[in-house]
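K.L.:
Here the numbering used here = 1-based position in the sequence shown + 5.
Just dropping this structure here.
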Amino acid sequence: MASTLSDQLEDIRCHAEACLYSTGSVLEVRAGISAMANIPLPPSVKYCYIAAETMIIENGVNNNRQETIGSLQRLSTALNILEKYGCNLTSSSRPKYWRTVKHNNPVFRATVDAIQGGRAVLGLYGYSNQQPDGLSFPDEVVEPDIEKVAAVTLEVMSLRMELDMLIKEAHPHPEFFERIIPSLNQKDDFGPISDAVAIPSSLRESQPLYMSLASLSQSSTSAFLPVRTANASTSTSISTRHTDNCTICAIFPVAAHCNSCVQWLCTECDRLYHFSAERANHHRTVVTSSKMRKNHSSLPSWHCTYCNRVNSNQDILCETCERPRLASSGSAKDEFPQPSTITEWQCKSCTVVNAGSSILCEVCERPRLATKPPATPTRPPTPNRPSAPVLGMPGDPDSQWVCQFCTYVNYTPASVCEMCDLPRPEPAKMRVKLHPPSQVRRVPVLSVKPKDPPMEDPDLRRQKRIREEGLKLIQLIRDGEKKGVSPEEVYTGMRVSGYGNILPCDWLKAELPHLLDQICATATSSRAALLKAGQNQNGSGTAEDTGVEEEQPRGGGVTLSRAEAKLAWLSAGGDTERAARQALRDRHAKVKELCSLGFTDEARCQEVLRQSEGEVRGALSLLQRPLMEPFHQRMWSDQPEPPIDINHPDKQHVCRRLLAVYDLPSWGRCELALSLLQERTAPYSLDDVVQAVRESHDRDFIRRVLAKECPICLSDFPHSKMQSLTSCQCSVCCGCFQQHFTIAVRDKHIRDMVCPVCWEPDINDPEHLNSYFSTLDIQLRECLEPEVYELFHKKLTEQALIKDPKFLWCSHCSYGFIYDGDQLKVTCFQCRNSFCAQCKKPWESQHGGVSCERYQSWKRQNDPEYQRQGLAGYLRDNGITCPNCRFQYALSKGGCMHFSCSQCRYQFCSGCNNPFHTTCAVIHCSVTGLHAHHPRDCLFYLRDWEPGRLQALLQNKSVEFNTDTPPGTQAGLCGVIEQKDEGGQQMDSACGAQTQPGHAGLCEKHYREYLVSLINGHSIDPAPLFNANELVLACRRYQVDDARGEMEDDMTYYTRILEKLIDEVPLGDKVPRKK
């Protein structure tokens, strides 16, 4: 059996691989994948290339089923991405960058890179070369191994399909995956199961009982066969044993006993289990209710007070309403009297009082703790007398205290909360509550010695004082923040001003400026004293002898700012002397920092530090401002910026200019641009080179970008000066682009505005027309002159108006307009002549109140000029009408059937109105170039028939036709107007060909056209007159099956394919019919 399945798997795999990398359809590939997934083989045998079992184990093993399903879903998503990589490689039109897979792709990182074994599959595809940013094919590999990639891709698809079916629980053979991943089989069982029956694992789910029992009838019969033991006595004991509950569900009581299958069944299990045809004839013995009462009479029970259901004494909750057992059994009631209902109970953990029906506490979700039942009384009980509370025990209300943080009730002498470990708060002074006088006999009050007031703890008094001072300081800081005073200033001001009645903010506003000026004066005097001591040192001795520091600041006097004095005052804690010394040290350090930056004038450094209020960055800005003055003058001058001299001897100077002016990405790009500009054989402009270098760093690529040849003028231009349309890949220079479309707008039709190189796109396609012109409008707006651009918009508007159903062409001057009226008579706005809105004929008074058909009939009978023209006038009136813009031409349809409308440039067949195009939409069409598909009743085919054959076709349908020459017509010459090509221009003139007898005064070509117009007007099918060759050729042309049956004669064969051709291929739907 395994070999048969393996052979079947191999056949399906070979067929699916061939469909994947050849021209097979998508449905065939999917059918092959589905067949592979349904074959009952383990993954280790089914998959030859990818390590399917290892991937499933590494990515799917978890603690429970829910986590496993989530892991398998992520693995399925990653396999979907890997499948797309494989399909791209096997496709005939592979992506442009198929050789590499980038790691920085967010989709790759979130799917393929997030699983184990994803990169191994890419290696099987051929991505074996490790790159810094991803994987790629080796350089020597030109094309991927299509057959191997198809085989690996097919296995990826099959594994993904199996995982999807496994996730949706629709897999036909889940046991192979449950063996690999045991957590898939973690489901809730029914409970105790008899040893005489085996219940399948698919039924052991956490679902209601009625769902499980209903599913039993649909499971296989082999799942419920009794377990056979090797011991005969054991089998006998099993068959004679009588259980209390059903052997299948183990819940409901036994109602029947089956001797055939040795089962004790309840009513529902008996009905579902013996519903199968194989077990319908089993003989069952009904178990009477007396036996059941006997079996269950010995078991104590209790009544649910909510739903009155009788439950077993071992049950804690009611089986129906799942409410707790509130009262004990009957025997217990007699022995231990208890209240019938419990209204509320107090949680032993959080002391919350809960409802009596609740099992768990509403706050801490802990279960209600059971208490021990009271002992059996030996004498009649006496009424309980409340015992005297003992101090420190739970019965003493004075010993209880409530924690203010967690509201837990604690008992003295505990001073720390048992729940949150926070100290007990100080007790508040309680008011004395006066009680009314008691009715009992008064007892004389004994004299009690008054207690001395307790001594206050010094630690508590100190903590209380610290707390009060802290709260006061916090309030002062908040008030200071509202007034813009920092906390440091508030604290220091409070220390300096003392703890008097004046507030620190008021003191800072009134006294701090004077104090800061004092600090500045003290610092200046101290500086002067240091300088004087230094001078005396030079005359009297060394620094070591006089005790003066060796490193003394040089320069003149120091003038501090208030900001520097304020910072020093805050850091010194309000001490003015320390603040002055600290300010001098800070100023000296800042001067040294400025000197280290190259500014050696200490006097200037002192001045700028005073101006910047001691900030080094501000002083540095003031020092650098004079140095930047020449640059500012050059930047703000009216003279233009000197051009960049690429031949400057200092290359770094030129690169710095390029980097600053053109904002190039790096220094290397600047050097690349300079080297390209200095090449003698390449006349590149600076702007073009800078733009190309900004986009790429490849020198060869930049050279190709800077030298693109225009296919029209054959000159070289950079890529930035080339333009291309969105419909093709051709590029022309801006000058040729502008010149081509200027001429097309001024002198040509709107449909001539296509690419000047490849003449794409095909304007006849209405779907691409709007999108093409919307994009072209944006390009022409930039390059065309304003008047030419307005003309382009005018022609574009006219092209849109032609498609309106209310648009009419004037039959006199060819002017088009929108007509909203309902009258047949229409007056042209251009030439003021009238014509019929329906038949487009010039208006005559006889047309008033008469339909177009009756007016044409009257005109044929009463107009001498019309009668003189004969059939030539008929062909003119039934001339060519453009199916796109509905413009009418009084021309014949003979000659070339390819007609181009002069109004909209729509190209169509004048016989059947089908379009001429180069890109054919007909399936299995092998014709290339400009062509159209004609129906069998088109003039394109019928014009080759002889007039007698056409007349015979009309006679078969009893249609009258003319053969006599009308009186008054010119004898010998055909007068039908047709379009002729004279000197490259389309001219309308008379035919002038020799007429034939019996052709109604027309030449043979136009007489055939007349007969075909009658055939099309009466919708006559020419197929019955086809000969054998024409019939077979028509069947092949319209793709009708012309296969000949065995032993089929000619008459039967041709009759059969004629009927098939007429039934399957209708006549042309666009052919002009009777008007």
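Glycine residues also receive a C-beta, built at the ideal position from the N, C-alpha and C atoms.
These figures come from a predicted structure and were not determined experimentally.
How big is the Cα-Cα spacing for proline 1071 and serine 736?
P.N.:
Spanning the two alpha carbons is a distance of roughly 46 Å.
K.L.:
Can you tell me the Cα-Cα spacing of phenylalanine 746 and proline 847, whole angstroms?
P.N.:
So the alpha carbons of these two residues sit roughly 38 Å apart.
K.L.:
With H, G and I counted as helix, E and B as strand and the rest as coil, what does DSSP make of glutamate 1064?
P.N.:
DSSP places glutamate 1064 in helix when its eight states are reduced to three.
K.L.:
Three or more C-beta pairs closer than 8 Å, one from the stretch 785 to 795 and one from the stretch 825 to 843: is that the case here?
P.N.:
Segments in contact, no.
K.L.:
One question on the structure: do valine 563 and leucine 602 come within less than 8 Å of each other, judged by their Cβ atoms?
P.N.:
In this structure, leucine 602 does not lie closer than 8 Å to valine 563 by Cβ.
K.L.:
Pull up the distance between the alpha-carbon of aspartate 721 and that of glutamate 646, whole angstroms please.
P.N.:
Roughly 30 Å separates the two Cα atoms.
K.L.:
Am I right that histidine 754 and arginine 891 are in contact with their C-beta atoms under 8 Å? What's the rounded C-beta distance?
P.N.:
The Cβ separation is near 17 Å, so there is no contact.
K.L.:
Between isoleucine 1025 and lysine 1065, which are expected to be in contact by the criterion C-beta below 8 Å, what is the C-beta distance as a whole number of angstroms?
P.N.:
About 19 Å separates the two Cβ atoms, so there is no contact after all.
K.L.:
Unbroken alpha helix (DSSP H) runs of length 4 or more, entirely within the stretch 756 to 810: which are they?
P.N.:
Listed in chain order, the complete alpha helix (DSSP H) runs (minimum 4 residues) inside the stretch 756 to 810 are 771 to 788, 791 to 807.
K.L.:
I need the DSSP call for glutamine 683, collapsed to helix, strand or coil.
P.N.:
The answer is coil: DSSP assigns glutamine 683 none of H, G, I, E or B.
K.L.:
Do you know how far the Cα of alanine 155 is from the Cα of serine 49?
P.N.:
Each residue's alpha carbon lies about 19 Å from the other.
K.L.:
Do the stretch 159 to 172 and the stretch 74 to 89 touch if we need at least three Cβ pairs shorter than 8 Å?
P.N.:
Yes, the stretch 159 to 172 is in contact with the stretch 74 to 89.
K.L.:
Mapping DSSP to helix, strand and coil, what is glutamine 136?
P.N.:
Of the three classes helix, strand and coil, the one that applies to glutamine 136 here is strand, per DSSP.
K.L.:
What span of residues does the beta strand (DSSP E) with asparagine 316 cover, start to end?
P.N.:
Run containing asparagine 316: 315 to 317, per the beta strand (DSSP E) assignment.
K.L.:
Of all the options His653, Val259, Gln893, which has the alpha carbon lying nearest to the alpha carbon of valine 291?
P.N.:
Of His653, Val259, Gln893, the residue nearest in Cα terms is Val259.
K.L.:
Would you verify that the beta carbon of lysine 962 is, or is not, closer than 8 Å to some beta carbon of chain D?
P.N.:
This model lacks chain D altogether, as it is built from one protein chain only.
K.L.:
Give, in chain order, every unbroken run of the alpha helix (DSSP H) that is at least 4 residues long and sits entirely within the stretch 660 to 744.
P.N.:
Within the stretch 660 to 744, the complete alpha helix (DSSP H) runs of at least 4 residues are 672 to 682, 691 to 700, 704 to 711.
K.L.:
Less than 8 Å between the beta carbons of proline 47 and phenylalanine 181, yes or no?
P.N.:
Yes; because the gap between Cβ atoms is below 8 Å, this pair is in contact.
K.L.:
Look up threonine 59 in the DSSP assignment and say whether it is helix, strand or coil.
P.N.:
Threonine 59 falls in the helix class under three-state DSSP.
K.L.:
Any idea if proline 940 is buried or exposed, counting beta-carbon neighbours within 10 angstroms, 16 or more meaning buried?
P.N.:
Label assigned to proline 940: buried.
K.L.:
With distances taken between CB atoms, is the gap from alanine 805 to tyrosine 824 smaller than 8 Å?
P.N.:
No; because the gap between Cβ atoms is not below 8 Å, this pair is not in contact.
K.L.:
Taking the C-alpha atoms as reference points, what is the distance between asparagine 250 and tryptophan 269?
P.N.:
The alpha-carbon atoms of asparagine 250 and tryptophan 269 are separated by roughly 8 Å.
K.L.:
Count the other CB atoms, across all protein chains shown, that sit within 10 Å of the CB of glutamine 657; report buried if there are 16 or more and exposed otherwise.
P.N.:
Per the 10 Å Cβ criterion, exposed.
K.L.:
Find the nearest neighbour of threonine 527 within the set Tyr496, Ser491, Leu565, judged by alpha-carbon distance.
P.N.:
For threonine 527, the nearest C-alpha among the options comes from Leu565.
K.L.:
Determine the burial state of tryptophan 764: buried for a count of at least 16 other Cβ atoms within 10 Å of its Cβ, exposed for fewer.
P.N.:
Tryptophan 764 is exposed by the Cβ-count criterion.
K.L.:
Would you say the beta carbon of valine 407 is closer than 7 Å to some non-hydrogen atom of the ligand ZN?
P.N.:
This structure does not include the ligand ZN; it has no bound ligands of any sort.
K.L.:
What residue from Ala533, Ala56, Cys836, Glu152 has the CA that sits closest to cysteine 818's CA?
P.N.:
The residue with the shortest Cα to Cα distance from cysteine 818 is Cys836.
K.L.:
Using the three-state DSSP reduction, which class does glutamine 39 fall into: helix, strand or coil?
P.N.:
It should be pointed out that residue 39 corresponds to serine in this sequence rather than to glutamine. Serine 39: helix per DSSP, three-state reduction.
K.L.:
Can you tell me where the beta strand (DSSP E) holding asparagine 250 begins and where it ends?
P.N.:
Premise fails: asparagine 250 is in no beta strand (DSSP E) and is neither H nor E.
K.L.:
Can you give, in chain order, each stretch of the beta strand (DSSP E) that sits fully within the stretch 97 to 134 and has at least 3 residues?
P.N.:
105 to 107, all fully within the stretch 97 to 134.
K.L.:
Compute the distance between the beta-carbons of valine 126 and leucine 87, then report whether it is under 8 Å.
P.N.:
Taking 8 Å as the Cβ cut-off, valine 126 and leucine 87 qualify as a contacting pair.
K.L.:
With 16 other CB atoms within 10 Å as the buried threshold, where does serine 1139 fall?
P.N.:
Residue numbering for the chain in the displayed model covers 6 to 1080; residue 1139 lies beyond these limits and cannot be assessed.
K.L.:
What did DSSP end up calling histidine 903 once you bin it into helix, strand or coil?
P.N.:
In the structure shown, histidine 903 sits in a strand (DSSP, three-state: E or B).
K.L.:
On the DSSP bridge assignment, give the partners of serine 1024 in chain order.
P.N.:
Looking at the DSSP assignment, serine 1024 forms no beta bridge with any residue, so it has no partner.
K.L.:
Mapping DSSP to helix, strand and coil, what is histidine 287?
P.N.:
In this structure, histidine 287 counts as coil in the three-state DSSP scheme.
K.L.:
Nearest CA to the CA of glycine 122: which residue from Glu58, Glu795, His178?
P.N.:
For glycine 122, the nearest C-alpha among the options comes from Glu58.
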